[in-house]
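Colleague: Residues 471 to 1124 (the working numbering) make up the sequence shown, in order.
The C-beta atom is built at its ideal place from N, Cα and C for all residues, glycine as well.
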Amino acid sequence: MIRRVLIANRGEIAVRIAHACRELGVETVAVYSEADARAPHVAAADRAVCIGPAAARDSYLSIPSILQAVASTAADAVHPGYGFLSENASFAEACERAGIIFVGPPSAVIARMGSKIEARRVMESAGVPVVPGETPDDQSDEGLRRSIDRVGLPALIKASAGGGGKGMRRVLEPGAIAEAVAGARREAIAAFGDGTLYVERLIERARHVEVQILADHHGHVLHLFERECSVQRRHQKVIEESPSPSVTPDLRRRITSAAVQAATAAGYRNAGTIEFLLERSSAAAAEPRFHFLEMNTRLQVEHPVTEEVTGLDLVRAQLIVASGEPLPWLTPPAQRGHAIEARVYAEDPADGFLPQAGRVLLYREPRAPGVRIDSGIAEGLDIPVHYDPLLAKVIASAETRELARRRLIAALRNFPILGIRTNVPFLLRILDEASFRAGDVDTTFLDRSIEPGGAAINVAAADPPDFVRTVMAGVDDPADDAPPDVQPRRAWDPWQPRDAASAAATTVRGRGARPGLTRLAPGMFSVAINDLGNDLQGTERREIVYAAGPPDDRWSFWNGAVFHLDREDERTRNPGPGSRRVPTTQRLSAPMPATVIRVLVTPGSQVRKGDVLVLLEAMKMELPIRALSDGTVTVVHCRDGELVQADQILVEAE
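#1: Could you check how far apart the C-beta atoms of L667 and R655 are, in whole angstroms? I think they sit under 8 Å.
#2: With distances taken from CA atoms, which of L692, V911, L882 is nearest R835?
#3: Where does the unbroken beta strand (DSSP E) through L1120 begin, and where does it stop?
#4: Starting from the N-terminal side, write out each stretch of the alpha helix (DSSP H) that is 4 residues or longer and does not extend beyond the stretch 765 to 820.
#5: Pick helix, strand or coil for D528, following the three-state DSSP scheme.
#6: Between the Cα of G635 and the Cα atoms of K707, A926, F906, which residue gives the shortest distance?
#7: From the DSSP output, in three-state form, read off P839 for me.
#8: Nearest to P802 by alpha carbon, out of D607, L684, N1029, A488?
#9: Using a Cβ-Cβ cutoff of less than 7 Å, which residues in the same chain neighbour L901 once the five nearest sequence positions on both sides are dropped?
#10: Hey, does G665 have any beta-carbon neighbour from chain D nearer than 8 Å?
#11: If P575 and T767 are in contact, beta carbons under 8 Å, what's the gap, nearest whole angstrom?
#12: Less than 8 Å separating the beta-carbons of F746 and V679?
#13: A792 and M441 - do their beta-carbons sit closer together than 8 Å?
#14: Could you tell me the alpha carbon to alpha carbon distance between V475 and A1123, rounded to whole angstroms?
#15: Among the residues of its own chain, which have a CB less than 8 Å from the CB of Q731, if the five just before and after it don't count?
#16: Keeping to the same chain, check which residues put their C-beta closer than 6 Å to that of A514; ignore five residues upstream and five downstream.
#17: So, helix, strand or coil for N1004, using DSSP?
#18: Taking the DSSP output, what are the residues bridged to G828?
#19: Should M1062 be labelled buried (16 or more other beta-carbon atoms within 10 Å of its own) or exposed?
#20: Taking only the alpha-carbon atoms, compute the straight-line gap between A559 and P644 and give it to the nearest angstrom.
#21: Kindly identify the DSSP beta-bridge partner or partners of P1094.
#22: Could you check where the beta strand (DSSP E) with E594 kicks off and where it finishes?
#23: If distances are taken between C-alpha atoms only, which option among E817, E777, E674 comes closest to Q805?
#24: So what does DSSP say about R697, is it helix, strand or coil?
#25: The alpha helix (DSSP H) that contains A1018, what's its start and end?
#26: Under 8 Å by Cβ, that's how I've got V929 and I890 pegged, so tell me the actual separation to the nearest angstrom.
#27: Mind checking whether D912 and R703 have CB atoms under 8 Å apart?
#28: Is M994 helix, strand or coil by DSSP?
#29: Hey, how far is the Cα of V651 from the Cα of S919?
#30: Where do the ends of the alpha helix (DSSP H) carrying Q731 lie?
#31: Looking only at C-alpha atoms, which of G1030, Q1056, A991, N740 sits nearest to A1018?
#32: Could you pull out every residue in the same chain whose Cβ sits closer than 7 Å to the Cβ of P798, ignoring the five residues on either side in sequence?
#33: Does the stretch 493 to 512 come within contact of the stretch 567 to 584, defined as at least 3 CB pairs closer than 8 Å?
#34: Where does the unbroken alpha helix (DSSP H) through I536 begin, and where does it stop?
#35: How many angstroms separate the CA atom of L527 from the CA atom of G840?
#36: Is the number of C-beta pairs between the stretch 815 to 823 and the stretch 717 to 727 that are closer than 8 Å three or more?
Structure, rendered in structure tokens:
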């Protein structure tokens, strides 16, 4: 059995791996960047090693730094988690050469399946249906155009080394081909160091269904049923569930058999996922057709929903297989009930899903039957700009899909995260949308639903109800009739009850309610709300959670929504999606710390409203900085490759 595992990752997956190792009696070593010295995954491990500066390329993506940490701690195995180096064949090969167990498939399999082009060839040879497409030998822009002409529109341009929607562009009309090819190639090179592209037919309104597989070194290949991952925004999964509401027993038999066939053809070992696109059934077909999309040679972010419906620990299984032992189960277990996972991101849906960075003032996970939280953050820590904005995963399970959905809604409504904006309100709106309730979604569901004008899912920030405003305002200007046993204060300790009895007597002004106040920490409290008549619905939260940051920076959470008040009108400071802009001065600034990928203008450039002037990258996302109006660029304050700070002026224009 493996003796000591170095976890080459961070965040919730590193914490998850550490817990599984502890149950097996396996020692763990955490690695961390300078930005993560106080991160929860560091505390979760038995030992920890700093591997470099905050930038991922100098730490979590540095193969020499990881291998040096392995050598210095005498670890005999490396678990890569997901992301970072998890699907890097060179890293797996380096581990193999050093005699280190890589908890995943062999490096040759990673390389074969990591090339989407090669993966298509393997699947075609094995008889697994693939999406119709073409890989041009001529990788020039014109060569890609000819391939698109042969495949036909609508089409998808995809990166051979891609994943997570990186290097992928939809092409719906001939005039968009040039821009799509350039954008896909640029993003592929930035993300994977490989600009090789191929073309697939765009299967419109398809569903994304994937099958979890496990394979050992003794010839056993096993599937653990399917997951529905169709709720995506720009090819990034947002909500996943198992079993899929679109899969019938016969289709389940066919698609899981194809997944086992695919894994066998690839010579696969350890845990992996076979992803399929499921076409909607037509009158001519009794069952919808499915096509191989890609193979993920690692553990998936959404693996908890499979664990919840099978009762199995996939990380434990990975460690057992990597140790050379046979699979602990040789037949698929029975599915039980339903599980749904929602990814909680540090992003602002009302501002174009702009990633957020900053200090977490308050963090309280919900506790309820059938609710699981996988997270890697903690109260008082900073969310750095250098990494993916995933904060936590909330998984709800129950005997039926509807009960699991309701449990997930209740959990998100009771999950206060203050100090940064999150997508929790957006998740709640998805879960309550009619199409999702009916299980009738496809991969374009979210993008269609949040289009401007007539959007089915409103992404605008909610205004706080009057009684929430009262609580927030009362911190800075307490009521004249406040009970004498409550001391109004400012800054970090606004309301300090003198004893527990006085907390229950605190009054929300002008409402006639008798709430109870609980002090959570300096500058933080919760107010239990009752007796507000028709203001509250039966499903709504009965508690307001409050946190005070620096002076005049106040946050509150109620019923799944976060409200932020400070002296500056945020609508003026941040008027539109994609960048923080100040229209009166015609200066374009960085919305957050980011790296300049490309400056597209020079002084004197004539621009039109909406033109991209600077392309930034932060938290693994491209952030285009666009012109506010027609005009002339006067000054450019940044250059390619530069690291810029939040609110730093990038371009000035007249």
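Modeller: This is what the structure gives:
#1: About 6 Å separates the CB atoms of L667 and R655; that is less than 8 Å, so the two are in contact.
#2: It is Glu, not Arg, that sits at residue 835 in the sequence shown. Closest by alpha carbon: L882.
#3: 1119 to 1123
#4: 773 to 780, 784 to 792
#5: Three-state result, D528: helix.
#6: K707
#7: Correct three-state label for P839: coil.
#8: L684
#9: R875, L878, I879
#10: Among the chains in the structure shown there is no chain D, since it carries only a single protein chain.
#11: 5 Å
#12: yes
#13: Outside the displayed range of the chain (471 to 1124) lies residue 441, so it cannot be described from this structure.
#14: 54 Å
#15: A596, G597, V598.
#16: Excluding residues up to 5 positions away in sequence, V485, A488 lie with their Cβ nearer than 6 Å to the Cβ of A514 in the same chain.
#17: Note that N1004 scores 49 on pLDDT, short of 50, meaning its location in the model is unreliable and no value can be drawn from it.
#18: I853
#19: buried
#20: 36 Å
#21: L1085
#22: Taken as a continuous stretch (DSSP letters only), E594 belongs to no beta strand (DSSP E), being part of the alpha helix (DSSP H) at 586 to 596.
#23: When only C-alpha atoms are compared, the closest one is E777.
#24: strand
#25: Taken as a continuous stretch (DSSP letters only), A1018 belongs to no alpha helix (DSSP H), being part of the beta strand (DSSP E) at 1013 to 1018.
#26: Contact flag wrong, Cβ pair sits at about 17 Å.
#27: no
#28: strand
#29: Cα to Cα, the separation comes out at about 26 Å.
#30: 719 to 735
#31: The shortest CA-to-CA distance from A1018 to any of G1030, Q1056, A991, N740 is the one to A991.
#32: A787, I790
#33: Verdict: no, contact absent.
#34: 533 to 543
#35: First, the residue type needs correcting, since residue 527 is Arg and not Leu in the sequence shown. Linking R527 to G840 through their CA atoms gives a straight-line distance of about 38 Å.
#36: no
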